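Chains as they are written, first to last, in numbering that gives the first Met the number 0: chain A, 0 to 224; chain B, 0 to 224; chain C, 0 to 220; chain D, 0 to 220.
Glycine included, each C-beta is placed from N, C-alpha and C at the ideal position.
Just so you know, these numbers come straight off a predicted model, no measurement behind them.
See below for the structure under consideration.
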Amino acid sequence: MTAARLSPVEVANRVARDIPDGSYVNLGIGLPTLVGDVVSAEKEIVFHSENGILGMGPAPAPGLEDPELINAGKQPVTLVPGGAFFHHTDSFTIMRGGHIDVTVLGAFQVSEDGDLANWATDDARMPPAVGGAMDLAVGAKRVLVLMTHTTVDGRPKILRRCTYPLTAARVVHRVYTDLAVLDVGPSGLVVRDVVAGLPRAELQRLTGAPLTFADDVATLSPAGP
Amino acid sequence: MTAARLSPVEVANRVARDIPDGSYVNLGIGLPTLVGDVVSAEKEIVFHSENGILGMGPAPAPGLEDPELINAGKQPVTLVPGGAFFHHTDSFTIMRGGHIDVTVLGAFQVSEDGDLANWATDDARMPPAVGGAMDLAVGAKRVLVLMTHTTVDGRPKILRRCTYPLTAARVVHRVYTDLAVLDVGPSGLVVRDVVAGLPRAELQRLTGAPLTFADDVATLSPAGP
Amino acid sequence: MIDKRVASTAAAVAGLADGSTVLVGGFGAAGVPVELVHAVLEQGARDLTIVTNNAGSGEGDVAALIRERRVRKIICSYPRSAGSVWFEQFWAAGEIELELVPQGTLSERMRAAGAGLGGFFTPTGADSLLAGDKEVRVIGGRRHVFEQPLPGDVALVKAFRADRWGNLVYRAAARNFGPTMATAAALTVVQVREFVELGALDPECVVTPGVFVDRVVEVGV
Amino acid sequence: MIDKRVASTAAAVAGLADGSTVLVGGFGAAGVPVELVHAVLEQGARDLTIVTNNAGSGEGDVAALIRERRVRKIICSYPRSAGSVWFEQFWAAGEIELELVPQGTLSERMRAAGAGLGGFFTPTGADSLLAGDKEVRVIGGRRHVFEQPLPGDVALVKAFRADRWGNLVYRAAARNFGPTMATAAALTVVQVREFVELGALDPECVVTPGVFVDRVVEVGV
């Protein structure tokens with residue numbers, strides 16, 4: 000195959016380009032946190048953390064960690080000037096109440112209708128855990144998913160219908176993978192970007208739902224289109 | 000009639016005696032505010048005001064009024080050390096959530112079951128107005144009513160059933176009037192105190208619901224029993 | 000770059016559409032965004048629904064909007080204050096609609112809107128005429144009434160200080176409905192006594208984080 | 000005279016009854032009232048229902064209560080953190096009950112209890128398995144699920160500073176569930192780093208007014 004999949008940082012770069020200056024943004028734990036590392040310094044983005052922070056800054060210098068200043072992934076962070084602390088109920092007012100402009104979430108599966116499955120698999124050996132995923136999914140104005148296009152064994156994660164338990168129905172606006180950028184449109188998935196060198200038929204083969212292609216499909220490359 | 004009705008301040012004195020040290024108290028507007036003026040300085044009582052104050056103190060000295068530090072009756076007040084400000088939604092969390100130990104309310108009518116009517120009469124010429132009366136009535140741990148025993152034209156305000164629109168049903172614990180102190184018991188009204196010189200039959204005549212008398216009825220007098 | 004500061008009260012209320020629902024802060028005279036309300040008077044929007052605790056007083060603030068026949072309906076808890084003469088006159092003439100809501104329910108309904116909730120059951124008013132034909136349910140042995148979220152198109156709020164991100168602190172009992180209304184409107188407009196530098200507000204003491212605020216204007220009072 | 004200060008963590012948790020529902024603050028390690036939880040371990044109450052965001056970590060805090068078989072049920076949003084080994088072991092063996100609640104709903108259910116509300120409709124989880132057999136209602140074109148209040152018999156909270164009235168301020172992201180839990184329990188017990196004089200806390204910055212607090216103990220951390 001001539002197409003090289005994007006690295007996680009490259010996908011994060013692509014997501015970061017779509018976040019407007021001045022946005023209030025919540026990044027899910029895991030891969031989405033990369034977006035915070037690569038967003039342009041020319042934009043003023045206010046990062047929200049579910050555990051009661053607006054204006055979350057990067058990790059502190061070693062030795063300066065504050066165990067009471069952590070993010071949703073329980074990693075030490077900092078607060079930027081203009082930041083504020085509040086309690087959990089107020090924090091979820093922000094999330095559920097439609098005050099977050101953009102959230103970037105990881106996912107196990109996304110359906111062609113924008114259904115999101117990112118909290119549970121069909122593995123019953125582990126106790127279920129949900130955290131704030133459902134609140135973010137129903138509450139953010141724009142839900143972006145950042146994930147690999149296929150599972151580690153090559154099966155599609157973008158499907159007609161999710162097979163894993165849903166986080167929320169019809170909430171995802173756009174999906175960013177290591178192969179493509181896809182919008183969830185009123186009549187299904189619309190491809191906006193495809194990684195350089197990947198034939199459309201091959202992208203369709205790796206996707207479990209029918210694709211249409213935008214008139215102006217852009218080419219995704221590590222340097223960006 | 001040989002019995003002298005108590006003055007409003009004398010009734011307020013009687014109410015104040017029943018408020019335990021350390022209580023969180025909300026006083027309704029009008030006559031109930033007198034209770035704050037007469038409560039013993041030996042007790043530490045924290046006064047709540049629905050507009051976002053705990054630790055409300057007395058009126059400021061003339062010239063020191065702060066137009067942004069007012070009570071529920073829109074009169075200037077002060078804040079005592081240990082006081083705090085909060086917003087309306089939090090203030091009503093305190094009121095409705097059962098965190099106020101005692102509220103003292105005025106009333107048009109009280110029923111033998113403890114129904115309270117204190118927000119509307121049957122006069123349809125004035126627009127209705129309710130404020131925080133219903134929240135206090137349903138939320139406080141103990142609801143005390145301070146009112147005259149009868150209307151200005153001598154009709155009973157304590158009734159089998161209220162004829163005015165209800166504020167809340169079965170909420171009043173004790174009624175303090177210028178003639179008596181009455182508990183709302185499981186089988187009706189029980190007289191605890193009667194004003195000096197008032198025959199029991201006369202108290203019953205001025206009351207629109209059957210009374211029983213406690214074994215140890217006390218005598219209410221201006222100096223207190 | 001985030002800068003929510005605007006130069007005038009006229010700019011702060013620009014675009015207010017006829018028929019809007021406007022949440023107006025204040026309890027008594029404390030926390031009433033008088034300068035913003037007067038800017039609405041100048042701006043001209045009409046057929047407004049005003050959500051506020053009282054129904055205005057004298058000739059200023061919401062009373063002036065009522066007098067100028069700009070208010071179709073008022074949703075409040077206590078429209079009968081001293082000085083609510085314009086409201087009383089229009090109400091008696093049947094020229095203004097009133098939805099009376101218990102004060103805690105008023106605040107809680109706006110909170111529900113701001114918090115993305117679909118409504119709640121409260122015991123407040125469940126035994127009263129104000130329950131009207133609302134759904135009543137016995138929960139824990141007690142009657143509760145179902146209350147719906149109350150969102151605004153615009154909120155007009157008075158705070159004490161703001162930075163350019165719109166973080167707010169308030170003063171004393173002028174805080175009242177402001178923090179809740181700020182969460183509940185599509186467009187939240189705030190007047191403050193003074194602007195401060197970003198970072199000047201203690202992050203532990205910010206009452207309304209800027210995420211809830213769209214425009215801030217300095218009015219000096 | 001109001002003085003909610005107690006001299007020891009043992010005195011702070013005295014009287015905790017078997018079978019109690021205990022709200023335990025904290026998110027990750029921040030804001031966990033470790034010293035109070037360990038006092039509960041010493042105190043001996045069993046058959047507890049613990050409401051908390053995570054299911055403990057390592058050998059301390061809630062994990063220790065689980066290990067010692069003192070926890071019948073846990074109500075939380077995320078029991079699968081690194082180090083939740085005791086919970087995972089007991090859960091796999093069917094020896095502990097789990098009620099999984101989305102994080103915002105967990106906090107909101109406790110708020111409803113503290114605010115005297117009978118429950119609320121939320122879109123969160125309405126399309127998920129967690130809706131279970133709960134009432135679902137379409138509101139504004141969107142599915143909502145009815146969620147009930149979640150009160151505690153006791154709340155264990157970690158704050159930063161307290162005065163003798165129990166007024167509290169917190170630090171940074173250690174605030175998390177504390178202010179809500181403090182409203183939602185019949186008995187609210189707080190550990191703080193330090194006591195301050197009455198009047199030393201800025202009345203504009205008090206996060207939890209003392210009305211919600213019953214006992215406070217100084218633990219130095």
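Those residues which DSSP pairs with residue i across a bridge
i	result
Val101(B)	Val24(B) and Arg141(B)
Arg4(C)	Val215(C)
Gln108(B)	Ala116(B)
Asn53(C)	Tyr77(C)
His143(C)	Arg136(C)
Met55(B)	Leu78(B)
Gln190(D)	Lys157(D) and Val216(D)
Ala184(D)	Gly151(D)
Pro155(B)	Thr149(B)
is_contact[residue i, chain C] using C-beta, thresh 8 Å
i	result
Gly223(A)	Legend: pLDDT at Gly223(A) = 49, less than 50; position of this residue unreliable, value from coordinates given subsequently. Closer than 8 Å: no.
Val168(D)	yes
Leu165(B)	yes
Thr80(B)	Residue identity check: residue 80(B) is Pro in the sequence provided, not Thr. Chain C contact via Cβ: absent.
Val144(B)	no
Ile138(D)	yes
8 Å Cβ cutoff, residue i in contact with chain D
i	result
His172(A)	no
Met0(A)	Caution is warranted here: a pLDDT of 49 is assigned to Met0(A), below 50, making its placement in the model unreliable, and the coordinate value is therefore given only provisionally. Judged by the 8 Å Cβ criterion, Met0(A) is not in contact with chain D.
Leu104(A)	no
Gly184(B)	no
His37(C)	no
Ala168(A)	yes
Ile49(C)	no
Nearest-angstrom beta carbon gap, residue j and residue i [assumed within contact, 8 Å]
i	j	result
Leu104(A)	His148(A)	At roughly 16 Å, the Cβ-Cβ gap does not stay under 8 Å, so Leu104(A) and His148(A) are not in contact.
Val24(B)	Asp100(B)	7 Å
Pro122(C)	Arg142(C)	7 Å
Gly30(D)	Ala173(D)	4 Å
Chain B within 8 Å of residue i, Cβ atoms only
i	result
Leu149(D)	no
Val215(C)	no
Asp162(D)	yes
Val220(C)	no
Gly93(C)	no
Leu155(C)	no
Residue of the options minimising C-alpha distance to residue i
i	options	result
Thr218(B)	Ser186(B), Val180(B), Gly153(B) and Leu63(B)	Val180(B)
Arg108(D)	Val84(C), Phe120(C), Leu22(C) and Pro101(C)	Phe120(C)
Gly18(D)	Thr187(D), Phe145(D), Arg68(D) and Gly30(D)	Arg68(D)
Arg301(D)	Val156(D), Ala114(D) and Tyr77(D)	Residue 301(D) is absent from the structure shown; chain D starts at 0 and stops at 220.
Thr162(A)	Gln108(A), Ile69(A) and Arg16(A)	Gln108(A)
Ala116(B)	Phe46(B), Arg159(B) and Ala213(B)	Arg159(B)
Ile73(C)	Arg170(C), Asp46(C), Val144(C) and Gly139(C)	Asp46(C)
Ala44(C)	Leu64(C), Val23(C) and Gly209(C)	Leu64(C)
Gly207(A)	Leu26(A), Leu188(A) and Pro155(A)	Pro155(A)
Glu196(C)	Val38(A), Gly81(A) and Glu43(A)	Gly81(A)
8 Å Cβ cutoff, residue i in contact with chain A
i	result
Glu146(D)	no
Thr182(C)	yes
Arg68(D)	no
Gly177(D)	yes
| field | Interfacial residues, the region 52 to 72 of chain A to chain D, with Cβ spacing under 7 Å | value | Those would be Ile52, Asp65, Pro66, Glu67, Leu68 and Ile69, in chain order.
| task | Using a Cβ-Cβ cut-off of less than 9 Å, give me the residues of the region 191 to 224 of chain A that come near chain C, in sequence order. | result | Of all residues in the region 191 to 224 of chain A, none has a Cβ within less than 9 Å of some Cβ in chain C.
| Contact residues within the region 101 to 123 of chain D, judged by C-beta distance below 9 Å to chain A | Residues of the region 101 to 123 of chain D with a C-beta atom less than 9 Å from some C-beta of chain A are Pro101, Gln102, Gly103, Thr104, Leu105, Ser106, Glu107, Met109, Arg110, Thr121, Pro122 and Thr123, listed in chain order.
| query | In chain order, what residues of the region 82 to 113 of chain A put their CB closer than 7 Å to some CB of chain C? | reply | When C-beta distances to chain C are compared with 7 Å, the residues of the region 82 to 113 of chain A below that value are Gly82, Ala83, Phe84, Phe85, Thr92, Ile93, Arg95, Gly96, Gly97 and His98, in chain order.
| query | Between the region 4 to 35 of chain B and chain D, which residues of the former have CB atoms less than 8 Å from a CB of the latter, in chain order? | reply | For the region 4 to 35 of chain B, the beta-carbon criterion of a distance under 8 Å to any beta-carbon of chain D is satisfied by Asp20, Gly21 and Tyr23.
| Any residues in the region 190 to 213 of chain D with a beta carbon nearer than 9 Å to a beta carbon of chain C? Which ones, in chain order? | Those residues of the region 190 to 213 of chain D that come within reach of chain C (Cβ to Cβ, closer than 9 Å) are Asp201, Pro202, Glu203, Cys204 and Val206.
| task | Quick one: which residues of the region 121 to 153 of chain B get their C-beta closer than 7 Å to a C-beta of chain C? List them in chain order. | result | Flagged, chain order: Met125, Pro126, Pro127, Ala128, Val129, Gly130, Gly131, Met133, Asp134 and Val137.
| When you check each C-beta in the region 40 to 51 of chain A against every C-beta of chain D, which residues fall closer than 8 Å? | Shown in chain order are the members of the region 40 to 51 of chain A whose Cβ falls below 8 Å from a Cβ of chain D: Ser48, Glu49, Asn50 and Gly51.
| field | Members of the region 1 to 33 of chain D near chain B, C-beta cut-off 7 Å | value | Cβ contacts with chain B: Ile1.
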